[in-house]
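Below is one structure, written out as structure tokens; the observations come after it.
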Amino acid sequence: MTALAEILAARIRANGPITLADYMTECLLHPTLGYYTTREPFGAAGDFTTAPEISQMFGELIGVCLAQTWLDQGAPTPFTLAEIGPGRGTLMADALRATRNVPGFHAAMHLTLIEASPRLRALQATGLHPHAPVWLDRVQDLPDLPLYLIANEFFDALPVRQFQRAGPFWRERLVGLGDKGLTFGLGPILPVPVLTHRLKDTTEGQIVEHCPQAAPIMAEIASRLSTKGAALIIDYGDWHSLGDTFQALRAHASVDPFAAPGAADLTAHVDFEALAQAAAPAAHSYTTQATFLTALGIHQRADRLAQKISGASLQSHLAATRRLTSPEEMGTLFKVLAVHPAGTPPPPGSA
Ligand code: SAH
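Numbered per the working numbering, the sequence shown spans residues 48 to 398.
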């Protein structure tokens with residue numbers, strides 16, 4: 048048993064089963080034993096690889112997209128360029144390099160990172176040097192400036208609760224203790240007001256997920272997009288969440304999410320409809336990562352980079368391009384929700 052498993056088992060013995068959201072929160076963000084606080088999750092030696100770690104083109108195209116949106120909106124000065132959950136800072140480093148010749152963009156920006164993990168903040172500082180970002184704990188602390196924001200694989204790391212349909216009501220899936228340690232059980236049959244709209248599209252026994260933090264975070268971002276700005280939310284998921292999408296990844300393989308709490312990355316698919324609704328009255332557009340990157344010119348950029356390399360690095364560059372855009376890989380599993388002020392055109396590539 049990991050030290051965190053002992054702590055959680057003691058808590059469940061004393062107070063009863065906990066929600067899946069509480070379990071995810073402890074596993075990911077426990078101050079001394081949590082996944083993001085203790086591990087190096089990214090890259091070949093880690094547990095998963097994200098788009099910015101696959102190719103520099105990802106961050107470059109996002110940088111160009113946000114800078115073009117800023118120009119199209121009259122280059123408001125000053126403005127906030129922000130990322131939530133920046134990981135190693137790779138995406139932002141690539142975005143900044145790609146936009147350094149956009150006149151006035153860097154001079155006008157307040158570079159801001161929202162990151163929960165002190166360890167990752169240190170990595171971000173190194174990766175972004177000589178830029179000097181400001182770190183915030185929460186989106187609520189973002190200043191009241193025009194906001195250009197990116198979140199890649201952030202919302203999937205937010206804790207979800209799971210509910211199983213029982214007639215017109217629901218039973219929450221709770222984490223309790225069984226013969227072999229932590230395990231799922233079912234709570235009492237209860238009405239769940241936030242899931243009333245899901246009674247229309249679910250049947251008996253089906254599972255739906257609800258991410259309590261997602262809508263408040265999205266609403267807070269959208270409140271800064273009333274006249275200028277844009278937010279790009281990129282993640283895996285669908286317009287509508289259905290079924291159990293909770294998963295644990297360790298060393299690039301799926302593992303039992305209760306086997307070693309704190310040692311595996313835990314995620315759930317993003318429910319984009321819930322984000323779009325929380326963003327209203329701001330407008331949104333929704334497309335696949337493949338469509339978005341293709342419209343922004345990933346294939347032209349890939350061809351240019353390919354001219355400078357050969358052999359194994361050319362092969363891995365071609366594989367990276369495919370991985371980001373092919374429907375068999377990340378191209379259609381990953382979606383892009385672009386939130387922008389009502390009455391303004393969507394950011395390039397997003398519609
Ligand atoms: N965007 C990066 C990293 C994705 S991993 C990439 O694409 O590579 C998720 C990131 O969100 C990590 O940086 C993690 O520490 C951060 N994070 C998770 N929960 C958070 C929270 N509640 N508040 C702020 N950051 C959080």
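The beta-carbon is built from N, C-alpha and C at its ideal position, and this holds for glycine as well.
As the structure is a computational prediction, the values presented were derived from the model and not from experiment.
heavy atom of the ligand SAH below 6 Å from residue i C-beta
i: G232; result: no
i: A163; result: yes
i: L167; result: yes
i: N199; result: yes
i: P99; result: yes
i: Y401; result: The requested residue 401 does not occur in the structure, where the chain is confined to residues 48 to 398.
i: A310; result: no
i: G90; result: no
i: A56; result: no
i: G132; result: yes
i: A172; result: no
i: A68; result: no
i: A261; result: no
C-beta contact flag for residue i and residue j at 7 Å
i: R135; j: F89; result: yes
i: Y195; j: L143; result: no
i: I131; j: A198; result: yes
i: V186; j: I264; result: yes
i: L175; j: A140; result: yes
i: A298; j: P304; result: no
i: P388; j: Q115; result: no
i: P125; j: H77; result: no
i: A261; j: L205; result: yes
i: T127; j: T79; result: no
i: T314; j: T379; result: no
i: G93; j: P99; result: no
i: G151; j: A122; result: yes
i: L221; j: G234; result: yes
i: F216; j: P190; result: no
i: L272; j: A329; result: yes
Candidates the options, of which the one nearest residue i by Cα
i: H331; options: A269, D303 and G214; result: A269
i: H244; options: V222, R271, H287 and S273; result: H287
i: D318; options: L221, V207, F105 and T96; result: V207
i: V111; options: K355, D350, F339 and G378; result: F339
i: P392; options: A52, I109 and D119; result: D119
i: L352; options: G223, T368 and P133; result: T368
i: G411; options: T72, T84, G390 and L108; result: Outside the modelled stretch of the chain, which goes from 48 to 398, sits residue 411, for which no answer is possible.
i: C258; options: L224, A325 and F231; result: A325
i: A311; options: T85, N62 and E53; result: T85
i: G309; options: N62, A349 and D69; result: D69
i: G81; options: T66, L51 and N62; result: L51
Bridge-paired residues (DSSP) for residue i
i: R297; result: A300
i: Q260; result: According to DSSP, Q260 bridges with nothing at all.
i: W217; result: R212 and L237
i: T335; result: K382
i: T230; result: G223
i: H157; result: T127
i: T314; result: Q294
i: I280; result: A198 and L384
Residue i CB to nearest heavy atom of the ligand SAM below 6 Å
i: A140; result: You won't find the ligand SAM in this model; what it holds is the ligand SAH.
Residue ranges of each beta strand (DSSP E) within the region 345 to 389, 3 or longer: 381 to 387
Quick check for students: name the residue ranges of the alpha helix (DSSP H) that lie wholly in the region 165 to 199, counting only runs of 4 or more. 165 to 175
Starting from the N-terminal side, write out each stretch of the alpha helix (DSSP H) that is 4 residues or longer and does not extend beyond the region 59 to 89. 67 to 76 and 82 to 85
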